[in-house]
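J.: First the structure, which I've put down as structure tokens, then a few questions once you've had a look.
Protein chains: 2
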Amino acid sequence: MSINTSINQQWKMQVVERFLEILKVPYGDFQAIGNLADAINDVESVEQTVELLSQHPTAKYAFQNRLLLEDYDLDQLYTLNQNTLGYIYSNHMKSNNLKPIQPRAIENDYTYLMYHLTETHDVWHVVTGSDTSMAGETKLQSFVAAQLKTSRFSFAMLAKNLLKTAVEDLELAQLLMDSLAAGWVMGKQAKPLFGIQWNKLWNIPLTQLQSEWNVIL
Amino acid sequence: MSINTSINQQWKMQVVERFLEILKVPYGDFQAIGNLADAINDVESVEQTVELLSQHPTAKYAFQNRLLLEDYDLDQLYTLNQNTLGYIYSNHMKSNNLKPIQPRAIENDYTYLMYHLTETHDVWHVVTGSDTSMAGETKLQSFVAAQLKTSRFSFAMLAKNLLKTAVEDLELAQLLMDSLAAGWVMGKQAKPLFGIQWNKLWNIPLTQLQSEWNVIL
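For the record, the sequence lines run as chains A and B. Quick note, our numbering runs 1075 ahead of the 1-based positions in the first sequence. Quick note, our numbering runs 1075 ahead of the 1-based positions in the second sequence.
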């Protein structure tokens, strides 16, 4: 066995271990999610994702400048008109008892990719009309997979949800497949959302933004 | 831990073991596929599948009479008009070097369900316009999952294909997701195909059958 084959085998074994770990924990266990992401996201596929995303000027500019959402005040956004991105996002965060995530050090394109996806995760929830149920999270995960194109992690998360549902929640499996199929189609139809500076768009009506980016609910 | 919880844990562990086994072997390994099916298909979910299918008169009649395709001659079907189900099916079998499967004893609804799905698998390939590539098999698997509604095995097979592709064939993952989404939508739109006596329809044009059963390619 060559060194490369051996490394490849070790990598696969680690991915499978992390997959089994996440299969056992409840949905939304951040530790297990992070462990799977770290195990499965190899340098090559991540570079490919960054390259594909960067074909679009919005994402390219965001990578070059490592743009983040910056500080925003959920209470202030809540005072905007009820049809705006800002109000609807704020309402989503408050209803689900969510807080903006803490900033972290951005060392390279990969950490920027992961951090920006995480900090905008709930904006994407709102823009794609996905709630935080297992079906909503799966629709969004599938949308993200379609937008990132080569994210091993996104595909593996979808596989995990599907297997977990088949074994533990069979009555939800059809709804999960509906969500998976809908999110995939929606993510392919939509313009690339990665790198959009949402913090400059809080006061724009959500339906106008969805129409502009061809997000068809 | 109650006896039921303990049995449930043992069942899950066996499913996971069989899932890992099938993850390691090449696509289409019948032994591993059979092992996963036997492990994951519990009595309750299979009974539910039979009950749901039997709401449609075609399937109900097929279950009651355990109807099989009976003998047919691929060479004879090959002489039919080129637009007929029989010719196109025969051509599919010959091109892929496939033979009709051997009959087996039908002991109960479950063995009938599995055997009839197996014996008509390649008819479904033709009717759904799915080739035998990994993408085609996934489209058909997803179509079957939509038609059977509560088949743990079908969902698990889709999860397996998705994870295997994410790890081993990332360049095929988008095509696989396209196929999965398309097969699911097609399977929900189509009338239930289970139990149709295809051997009485060999000389009907394929497009006429697809139209009759609302199979939208």
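Note that the Cβ used here is the ideal one computed from N, Cα and C, for glycine as well. Computed from a prediction, not measured in an experiment: that's the story for all the values here.
Which same chain residues end up closer than 7 Å to B:Gly-1204 when comparing Cβ atoms and leaving out the 5 residues on each side of it in sequence?
T.: So the list reads Leu-1292, once near-sequence residues are dropped.
J.: Please confirm if the region 1090 to 1107 of chain B is in contact with the region 1178 to 1186 of chain A, defined as three or more CB-CB distances below 8 Å between the two stretches.
T.: No contact exists between the region 1090 to 1107 of chain B and the region 1178 to 1186 of chain A.
J.: Could you spell out where the alpha helix (DSSP H) holding A:Phe-1228 opens and where it closes?
T.: A:Phe-1228 -> alpha helix (DSSP H) spans 1227 to 1243.
J.: Rounded to the nearest angstrom, what separates A:Thr-1221 and B:Ile-1271 at their Cα positions?
T.: Here residue 1221 of chain A is Ala; the residue named in the question, Thr, does not match the sequence. If you take the alpha carbons of A:Ala-1221 and B:Ile-1271, they lie about 36 Å apart.
J.: Residues of chain B with a CB under 7 Å from the CB of A:Trp-1259: which are they?
T.: Within 7 Å Cβ-Cβ: Met-1252, Ala-1256.
J.: Taking any Cβ of chain A, which residues in the region 1078 to 1094 of chain B have a Cβ under 9 Å from it, in chain order?
T.: For the region 1078 to 1094 of chain B, which is checked against every Cβ of chain A, the residues closer than 9 Å are Trp-1086, Lys-1087, Val-1090, Val-1091, Phe-1094.
J.: Using a Cβ cut-off of 7 Å (strictly closer), state whether B:Ala-1231 contacts chain A.
T.: At least one chain A Cβ lies under 7 Å of B:Ala-1231.
J.: Helix, strand or coil for A:Thr-1159 per DSSP?
T.: Looking at A:Thr-1159 - three-state DSSP - the assignment turns out to be strand.
J.: Taking only the alpha-carbon atoms, compute the straight-line gap between B:Lys-1266 and B:Trp-1288 and give it to the nearest angstrom.
T.: Cα to Cα, the separation comes out at about 5 Å.
J.: Counting C-beta neighbours from all protein chains within 10 Å, is the total for A:Ile-1097 16 or more, i.e. buried, or is it exposed?
T.: With 16 or more Cβ atoms within 10 Å of its Cβ, A:Ile-1097 is classed as buried.
J.: Kindly identify the DSSP beta-bridge partner or partners of B:Pro-1280.
T.: For B:Pro-1280, which the question treats as bridged, DSSP gives the partners B:Thr-1159.
J.: For a cutoff of 7 Å on Cβ pairs, would you count A:Ser-1120 as touching chain B?
T.: It does; some Cβ of chain B falls within 7 Å.
J.: Report the rounded CA-to-CA distance for B:Leu-1215 versus B:Trp-1259, giving the unit in angstroms.
T.: About 9 Å.
J.: Give a yes or no on whether 7 Å exceeds the smallest Cβ distance from B:Val-1242 to chain A.
T.: Closer than 7 Å: yes.
J.: Are there 16 or more other CB atoms within 10 angstroms of the CB of B:Ile-1176, so buried, or fewer, so exposed?
T.: The residue in question, B:Ile-1176, is exposed, as its Cβ has fewer than 16 Cβ neighbours within 10 Å.
J.: Within 10 Å of its beta-carbon, does A:Val-1121 have 16 or more other beta-carbons around it, so buried, or fewer, so exposed?
T.: The residue is buried, with at least 16 neighbouring Cβ atoms inside 10 Å.
J.: Just checking, does the region 1221 to 1241 of chain A make contact with the region 1109 to 1129 of chain A on the three C-beta pairs under 8 Å criterion?
T.: Contact between the region 1221 to 1241 of chain A and the region 1109 to 1129 of chain A is present, because at least three Cβ pairs lie under 8 Å.
J.: May I have the straight-line CA-CA distance separating B:Asn-1274 from A:Asn-1158, to the nearest angstrom?
T.: In a straight line, the C-alpha of B:Asn-1274 is about 58 Å away from that of A:Asn-1158.
J.: Starting from A:Trp-1288, trace the alpha helix (DSSP H) in both directions and tell me its first and last residue.
T.: A:Trp-1288 -> no alpha helix (DSSP H), and no H or E assigned at all.
J.: Which of helix, strand or coil does DSSP assign to B:Ser-1217?
T.: B:Ser-1217: helix per DSSP, three-state reduction.
J.: In whole angstroms, what is the alpha-carbon distance linking A:Asn-1166 and A:Tyr-1147?
T.: Computed Cα separation, rounded: 14 Å.
J.: Which residues in the same chain as A:Leu-1144 place their Cβ atom closer than 7 Å to its Cβ, once the five residues preceding and following it in sequence are excluded?
T.: The answer, listed in chain order, is Glu-1194, Thr-1195, Trp-1273, Asn-1274.
J.: Using CA coordinates, which residue listed in B:Thr-1133, B:Ala-1257, B:Glu-1246, B:Val-1242 is at the minimum distance from B:Thr-1212?
T.: The sequence shown places Glu at residue 1212 of chain B, rather than the Thr named in the question. Taking only the C-alpha atoms, the option nearest B:Glu-1212 is B:Ala-1257.
J.: Taking the CB atoms as reference points, tell me whether A:Val-1201 and A:Ile-1163 lie closer together than 7 Å.
T.: Result yes, Cβ atoms of A:Val-1201 and A:Ile-1163 sit closer than 7 Å.
J.: Do we get a CB-CB distance below 7 Å when we pair A:Arg-1227 with the residues of chain B?
T.: Chain B contact via Cβ: present.
J.: Name the chain A residues that come within less than 9 Å of B:Ala-1107, Cβ to Cβ?
T.: Chain A residues near B:Ala-1107: none, gap ~15 Å exceeds 9 Å.
J.: Looking at the structure shown, is A:His-1200 part of a helix, part of a strand, or coil, going by DSSP?
T.: Helix at A:His-1200.
J.: Cβ atoms of A:Leu-1149 and A:Gly-1161: under 7 Å apart, would you say?
T.: Against a cut-off of 7 Å, the Cβ pair of A:Leu-1149 and A:Gly-1161 comes out as no contact.
J.: Compile a chain-ordered list of the residues in the region 1260 to 1284 of chain A whose CB is closer than 7 Å to at least one CB of chain B.
T.: Answer in chain order: Val-1260.
J.: For B:Gly-1103, count neighbouring C-beta atoms within 10 Å of its own C-beta (all shown protein chains included) and say buried if the count is 16 or more, exposed if not.
T.: By the neighbour-count rule (16 or more Cβ atoms within 10 Å), B:Gly-1103 is not buried but exposed.
J.: Establish whether the CB of B:Leu-1215 and some CB of chain A are separated by less than 7 Å.
T.: So no, B:Leu-1215 is outside the interface.
J.: A:Gln-1249 versus chain B: which residues are under 7 Å apart at the beta carbon?
T.: Per Cβ cutoff of 7 Å: Lys-1224.
J.: Helix, strand or coil for B:Asn-1116, going by three-state DSSP, please let me know.
T.: Here B:Asn-1116 sits in coil by DSSP.
J.: Distance check for B:Ile-1108 and B:Tyr-1243, CA to CA, integer angstroms please.
T.: Note that residue 1243 of chain B corresponds to Glu in the displayed sequence, not to Tyr. Computed Cα separation, rounded: 19 Å.
J.: Let me know the secondary structure DSSP gives A:His-1131 once reduced to three states.
T.: It is coil, neither helix nor strand.
J.: Any beta carbon of chain B sitting closer than 7 Å to that of A:Ala-1234?
T.: Output row for A:Ala-1234: interface = yes.
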